[in-house]
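In what follows, a single structure is set out as structure tokens and then discussed.
Residue numbers (the working numbering): 9 to 354.
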């Protein structure tokens, strides 16, 4: 027997590796724009909707999964994601994302059912709740970004713009609350019942509210046409929101309920620029200020407060001392007549 050479004994059949490539000519049925927007939502945008880690998981995973069954929710997600990309993009890309966001927002709003179907599955109420939350964020964010694009001559009046946002928010919250009443499962529970927070600032809410209530009584004595009850209602609902804020509550949970709970007639007082109504709104802007870390809210709170400071006559401006101090907002001040005792003096 002869010994075989190593080359003969170890030889194995060779496999030929042919060059390969991915075809670029396959028929495309997936919309890459939508894929980009959904990826951005699941990696980035969802965080701006959440107030704690438990709710982050819901907005990142549960809500997108739910959107696979409800097109309006899916369009809402894509709209806010496009708006988020617009907020961080250069001019040319920004306009493209803004147009995409506007288009998807219109489709999402058209998909909201005003009349509650008692026979609809609970998942539909969950989708409606999530979509309303997303559309509220979109409404504030779109105006915020749109105002950054225009020149000073093109910018709308801050309060007029806010009142439009306020009206849409009021409608969305009404639908949101109706949908919440039909949600019984615990899947979205962290959104409804966040963890108990720790106080993050001294609780001045009661003193602030007492100051507003006292001024309301003073205005009633000065003016027989003063609508005391309307102001009382607006102040009372504001007190609940301020109390939660002082306790360290997540503003995303309660910030927009005030728009729904105040009487519709109070909105007319705001639109008429009634001084005391603007004072109450200035206090509400403190809550919006605490949402400034969310890209879709930005400096809305300060913009409102600065506009109110420009409108109010000097004798009214002492009434907004607390909002100014609480937000750190700078307002050029003129000598003012004292109309009310400061909350700090109670």
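Ideal Cβ positions, reconstructed from N, Cα and C, are used throughout, including at glycine.
{"query": "Burial state of residue 229, where buried means 16 or more other Cβ atoms lie within 10 Å", "result": "exposed"}
{"query": "Buried versus exposed, by CB contacts within 10 Å (16 or more), residue 219", "result": "buried"}
{"query": "N- and C-terminal bounds of the alpha helix (DSSP H) containing residue 55", "result": "Element bounds for residue 55: n/a, residue is neither H nor E."}
{"query": "Neighbourhood of residue 245 by C-beta distance below 6 Å, restricted to the same chain and skipping five residues each side", "result": "266, 269, 270"}
{"query": "Residue 216, enclosing alpha helix (DSSP H) - first and last residue", "result": "213-230"}
{"query": "Inter-residue Cα distance where the pair is residue 338 and residue 131", "result": "46 Å"}
{"query": "Residue 59 beta carbon less than 8 Å from that of residue 139", "result": "no"}
{"query": "Boundaries of the alpha helix (DSSP H) in which residue 255 is found, first to last residue", "result": "From DSSP, residue 255 is part of no alpha helix (DSSP H); its letter is neither H nor E."}
{"query": "Three-way DSSP call (helix, strand, coil) for residue 339 in this model", "result": "coil"}
{"query": "Residue range of the alpha helix (DSSP H) that includes residue 167", "result": "166-188"}
{"query": "Residue of 98, 327, 135 minimising C-alpha distance to residue 313", "result": "327"}
{"query": "DSSP three-state assignment for residue 66, whether helix, strand or coil", "result": "helix"}
{"query": "Separation of residue 272 from residue 335, as counted between CA atoms", "result": "27 Å"}
{"query": "Inter-residue spacing [alpha-carbon to alpha-carbon] between residue 87 and residue 323", "result": "44 Å"}
{"query": "Secondary structure, alpha helix (DSSP H): runs of 4+ residues fully inside the region 246-312", "result": "259-262, 265-269, 272-279, 283-297"}
{"query": "Proximity winner among 179, 61, 46, relative to residue 73 (alpha-carbon distances)", "result": "46"}
{"query": "Other residues of its chain near residue 50: CB distance less than 7 Å, five sequence neighbours each side excluded", "result": "68, 72"}
{"query": "Minimum C-alpha distance to residue 321 - residue among 117, 249, 286", "result": "286"}
{"query": "Closest Cα partner of residue 178 within the set 201, 144, 193", "result": "144"}
{"query": "Which of helix, strand or coil DSSP assigns to residue 235", "result": "coil"}
{"query": "Inter-stretch contact (C-beta, 8 Å, three-pair minimum) for the region 247-263 and the region 282-300", "result": "yes"}
{"query": "Of the listed residues 181, 148, 103, nearest to residue 120 (C-alpha basis)", "result": "181"}
{"query": "Residue 5 versus 215, 237, 212, residue with shortest Cα-Cα distance", "result": "In the structure displayed, the chain extends from 9 to 354; residue 5 sits before or after that span and is not available."}
{"query": "Whole-number beta carbon distance between residue 309 and residue 152, since they are thought to touch under 8 Å", "result": "That pair is no contact at about 11 Å."}
{"query": "Spatially closest choice to residue 89 from 98, 106, 76, by CA coordinates", "result": "106"}
{"query": "Between the CA atoms of residue 109 and residue 57 - distance to the nearest angstrom", "result": "17 Å"}
{"query": "Top-ranked residue by Cα proximity to residue 221, from 257, 231, 170, 241", "result": "241"}
{"query": "Spatial neighbours of residue 277 in its chain, beta-carbon cut-off 6 Å, leaving aside the 5 residues before and after", "result": "285"}
{"query": "Close Cβ partners of residue 63 (< 6 Å) along its chain, the five nearest in sequence each way excluded", "result": "198, 199"}
{"query": "Residues near residue 79 in its chain [Cβ-Cβ closer than 7 Å; skip 5 each side]", "result": "119"}
{"query": "beta-carbon residue 233 near the ligand FAD non-hydrogen atom, thresh 7 Å", "result": "The ligand FAD is not part of this structure, which contains no ligands at all."}
{"query": "Helix, strand or coil at residue 138 [DSSP, three-state]", "result": "helix"}
{"query": "Where residue 334 falls: helix, strand or coil (DSSP)", "result": "helix"}
{"query": "Classification of residue 82 by the beta-carbon crowding that lies within 10 angstroms, buried from 16 upward", "result": "buried"}
{"query": "Three-way DSSP call (helix, strand, coil) for residue 194 in this model", "result": "coil"}
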